[in-house]
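For reference, the structure is listed below as structure tokens.
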Amino acid sequence: MDDIDRKIINSLQGDFPIADHPYQIVAQRLDITEDELLKRLGILLENRTLTRFGPMYDIQKLGGSFSLCAIRVPPDRFKEVTEIVNSFSEVAHNYERDHEFNMWYVLATESLAQIDITNQAIEEKTGLKVYNMPKIQEFFVGLHFEA
Amino acid sequence: MDDLDRRIITATQAGLPLVKEPYQAIAQQLNIEPELLQQRMQIMLEQGQIRRIGAVPNHYKLGYRANAMSVWNVPDEMIAELGHQLGALSFVSHCYERPRFLPEWPYNLFAMLHGKSKHEVAEKVQEIINLLGEHCAGYELLYSKNILKKTGLRLKN
Chain A
17 MDDIDRKIIN
27 SLQGDFPIAD
37 HPYQIVAQRL
47 DITEDELLKR
57 LGILLENRTL
67 TRFGPMYDIQ
77 KLGGSFSLCA
87 IRVPPDRFKE
97 VTEIVNSFSE
107 VAHNYERDHE
117 FNMWYVLATE
127 SLAQIDITNQ
137 AIEEKTGLKV
147 YNMPKIQEFF
157 VGLHFEA
Chain B
2 MDDLDRRIIT
12 ATQAGLPLVK
22 EPYQAIAQQL
32 NIEPELLQQR
42 MQIMLEQGQI
52 RRIGAVPNHY
62 KLGYRANAMS
72 VWNVPDEMIA
82 ELGHQLGALS
92 FVSHCYERPR
102 FLPEWPYNLF
112 AMLHGKSKHE
122 VAEKVQEIIN
132 LLGEHCAGYE
142 LLYSKNILKK
152 TGLRLKN
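The listed protein sequences derive, respectively, from chains A and B. For the numbering used here, add 16 to where a residue sits in the first sequence, where the first one is 1. For the numbering used here, add 1 to where a residue sits in the second sequence, where the first one is 1.
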């Protein structure tokens, strides 16, 4: 990763234009050619320095629902429970965390009712209690990592 | 959201194509005019259905290896004020109020913290402790150990 890559990463976290030639607009801002920008973006995505490039949708504003849920998984059942939880397509992310509440997953569903339905199914299949922690208020969401 | 918006979302949720005219390419795939696609996406951006258009960096690859979910127990009547203060800190990426489960889970304020080392995160935690002062009745840090799944939003076709 060199200075140009850093400039690309730092400048592309927010406002990619909606226009006929958006890469050309960004390339001009960065003082590089359009071809160079496209080539570098391709490499940054391929080597996973960037995980995604495109529009970020807010599922709640689209009428869908998100919720963060936690399970206290007995350590000897961790692998089995991971397989069960990950098998649900509604589970968008799942993280192991260093705590008694050691499994934290995010449900993304197209309706609020599906959050409860999915969690009930997970409880039945795992025999473990699901702690459903949907956001009550959002104070800030923003990701800006300096490369 | 109508059927066209839905088709636009399913066509773009995995990312924009890396070609000189990306919107034209998607419009062609959806068999609609490029102007209509740009118009619809502009409206979704203005209304917030699209939060932003851009790149999502892999923070591990950028050297942010210490990523902790910090959880705080603060008085419910103070949470809006304190939540906004935490959210304004440069190292906090997400900040939410969430429900408690008493007695085993007393925490109602969640803030994701990112640093290049656990030491750096610890300094940031101290900054939050100082900021919350007497309003903090307890906190914990939950470091991520493993990503078990990460697919992001996927609307079904």
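Ideal Cβ positions, reconstructed from N, Cα and C, are used throughout, including at glycine.
- Taking a beta-carbon distance threshold of 7 angstroms, Gln136 (chain A) does not count as an interface residue toward chain B.
- Counting along the chain, Ile48 (chain A) sits inside no alpha helix (DSSP H), nor does DSSP assign it H or E at all.
- If you draw a straight line from the Cα of Gly116 (chain B) to the Cα of Asp114 (chain A), it comes to about 17 angstroms.
- With contact defined as three or more Cβ pairs closer than 8 angstroms, the region 98-112 of chain B and the region 129-147 of chain B are in contact.
- In the three-state reduction of the DSSP assignment, Ser27 (chain A) falls in the helix class.
- For Ala43 (chain A), no CB of chain B lies under 7 angstroms from its own CB, so it is not counted at the interface with that chain.
- Contact with chain A is absent for Val122 (chain B), since none of that chain's Cβ atoms lies less than 7 angstroms from the residue's Cβ.
- Judged by DSSP in its simplified three-state form, Ala123 (chain B) adopts helix.
- Annotated three-state conformation of Gln153 (chain A) is strand, per DSSP.
- Taking a Cβ-Cβ threshold of 7 angstroms, the residues of chain A close to Ile148 (chain B) are Tyr111, in chain order.
- Annotation for Thr125 (chain A): Gly80, Ser81, Glu106, Ile131, Thr134 place their beta carbon closer than 7 angstroms to its own, counting only its chain and skipping 5 residues before and after.
- Listed in chain order, the non-local C-beta contacts of Glu34 (chain B) below 7 angstroms within the same chain comprise Ala28, local neighbours out to five positions each way being set aside.
- Excluding five sequence positions before and after Pro150 (chain A), the CB atoms of its chain that fall closer than 6 angstroms to its own CB belong to Ser83, given in chain order.
- Where Tyr108 (chain B) is concerned, there is no enclosing beta strand (DSSP E), because DSSP gives it neither an H nor an E.
- In the DSSP assignment, Ala67 (chain B) is bridged to B:Gly116.
- Following the DSSP letters along the chain, one finds Val122 (chain A) in no alpha helix (DSSP H) but inside the beta strand (DSSP E) bounded by residues 119-125.
- Assigned with DSSP and collapsed to three states, Thr67 (chain A) falls in strand.
- A distance below 7 angstroms separates the beta carbons of Leu57 (chain A) and Leu19 (chain B).
- Between Arg101 (chain B) and Asn148 (chain A), the alpha-carbon positions lie close to 10 angstroms from each other.
- Assignment of beta-bridge partners to Met42 (chain B) by DSSP yields no partner.
- Using a CB distance cut-off of 7 angstroms, His85 (chain B) counts as an interface residue toward chain A.
- Looking at the DSSP output, Arg113 (chain A) sits in a beta bridge with B:Ser145.
- Contact between Ala12 (chain B) and Leu37 (chain B) does not hold, since the beta-carbon distance rounds to 13 angstroms and is not under 8 angstroms.
- Nearest C-alpha to Gln153 (chain A) among B:Arg8, B:Leu83, B:Lys119, B:Glu105: B:Leu83.
- Non-local beta-carbon contacts of Ile41 (chain A) in its own chain, meaning distances under 8 angstroms to residues more than five positions away in sequence, involve Pro33, Ala35 in chain order.
- Taken atom to atom, the span from the alpha-carbon of Thr152 (chain B) to that of Glu78 (chain B) is near 36 angstroms.
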